[in-house]
Amino acid sequence: MHRDRMKRYRFPTNLVQGISAFIQNSYFFVFKGINLYQGNLKSILCPSLNCYSCPLAITSCPIGALQHFAILRILPFYIIGFLGSIGAVFGRAQCGWICPFGFIQDLIYIRRKRTIKLPDFLKYTKYLILIIMIPLSMIMLEPFFCQFICPSGTLLAGIPQVLMVKELRNIVGFLYWWKISILILIIFLSLLIKRFFCRFLCPLGAFYSLFNRFSFYQIKVDKEKCTKCNMCEKICPVDIKIYEDEKNPECVRCNKCIRVCPFNAIGTGVSHKPTTM
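Reminder that position 226 of the sequence shown reads as 226 in UniProt numbering, one-by-one numbering, no gaps.
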């Protein structure tokens with residue numbers, strides 16, 4: 001009964017995640033033998049980690065675009081302004097609602113009575129990746145994160161392209177199998193640890209988290225109603241107690257805690273008084 005109840009509260013967010021992933025990857029003409037979509041929509045950034053090279057993708061990944069312009073030694077005002085605007089309004093909400101790889105991690109996580117917790121300091125790894133990926137891309141003249149780490153790119157682009165294009169199967173080498181190994185490791189850890197990649201490795205999540213403390217959209221907790229029953233932590237995809245810090249940089253603003261709270265103590269808005277959803 002408890003699991004069925006939790007599943008019911010997760011469903012609205014999961015539904016939006018699924019629809020969003022479908023929209024971002026809706027170029028089905030590729031199955032007719034047509035090349036990757038290169039139309040006008042590819043000049044538009046999606047606010048999530050969705051690989052440009054995915055055969056179904058119709059938009060561009062902001063992390064890949066940042067590294068591309070870094071290699072060209074061009075300051076990408078459009079990309080920085082776009083990400084900054086999204087972060088200033090929503091904080092990290094796009095991680096909770098529209099990121100395809102976040103959705104995949106939510107689906108595959110094996111729920112258990114006792115969750116596995118890693119040392120808190122490991123969450124700073126994603127900030128390190130965010131800091132070093134630009135200079136490394138400039139030095140290597142290759143998109144460092146996309147080339148060596150990104151599991152989303154491997155899953156959504158690398159593997160499908162190798163399966164679909166016969167010529168590519170004959171030239172895959174060490175780098176491809178390195179990325180496959182990284183993907184397998186991250187998938188395995190995501191089975192055991194809630195949103196492992198988002199919490200510890202994602203540079204886009206690291207960027208958006210910088211805005212959580214002052215973004216327009218906020219999670220609010222009524223401390224008078226809150227009994228610290230920890231239902232919010234149990235359903236939280238990033239394992240936080242929202243009543244301890246409403247503006248926690250790790251919060252992906254998925255609103256699951258709002259729906260599950262039995263005392264209506266959690267809400268959302270921009271004022272001091274929460275508005276329940």
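Quick reminder that beta carbons are idealized off the backbone N, C-alpha and C, glycines included. Model, not experiment: these values are computed from the prediction.
* Asked: In this structure, what does DSSP give as the bridge partners for GLN218?
  -> GLY269
* **Inter-residue Cα distance where the pair is CYS257 and CYS236** => 7 Å
* Asked: Just how far apart, CA to CA, sit PHE11 and GLU167?
  -> 41 Å
* Asked: Quick one: is LEU83 buried, meaning 16 or more other Cβ sit within 10 Å of its Cβ, or exposed?
  -> With 16 or more Cβ atoms within 10 Å of its Cβ, LEU83 is classed as buried.
* Starting from GLY81, follow the alpha helix (DSSP H) in both directions and report where the run begins and ends. => 77-90
* Between the C-alpha atoms of PRO262 and CYS146, what's the straight-line distance to the nearest angstrom? -> 42 Å
* Where does LEU168 fall in DSSP's three states? -> Three-state result, LEU168: helix.
* To do: Give me the Cα-Cα distance between TRP97 and TRP177, rounded to the nearest whole angstrom.
  => Rounded to whole angstroms, the separation of the alpha carbons of TRP177 and TRP97 is 30 Å.
* **Whole-angstrom distance between TYR243 and ARG169, CA atom to CA atom** => 51 Å
* So LYS220 and THR268 are in contact, right, with Cβ under 8 Å, and what is the actual spacing, rounded? -> Contact between LYS220 and THR268 is confirmed by a C-beta separation of about 6 Å, below the 8 Å threshold.
* Could you say if the region 171-186 and the region 73-80 meet the contact criterion of at least three C-beta pairs nearer than 8 Å? => no
* **Residues of its chain near ILE193, where Cβ-Cβ distance is below 6 Å and the 5 sequence neighbours each way are ignored** => ILE116
* Asked: Which residues does DSSP pair with LEU45 in a beta bridge?
  -> SER60
* Based on Cα-Cα distance, which residue from PHE200, GLN218, CYS150 lies nearest to PRO62? -> CYS150
* To do: Just tell me which of CYS202, CYS99, ARG8, ILE19 has its CA closest to the CA of LEU45.
  => CYS99
* Could you give the residue range of the alpha helix (DSSP H) that holds TYR208? -> Per DSSP, TYR208 belongs to the alpha helix (DSSP H) from 203-209.
* Assign THR13 to one of two classes, buried (16 or more other C-beta atoms within 10 Å of its C-beta) or exposed (fewer than that). => buried
* To do: Under 8 Å by Cβ, that's how I've got residue 323 and PHE90 pegged, so tell me the actual separation to the nearest angstrom.
  => The requested residue 323 does not occur in the structure, where the chain is confined to residues 1 to 277.
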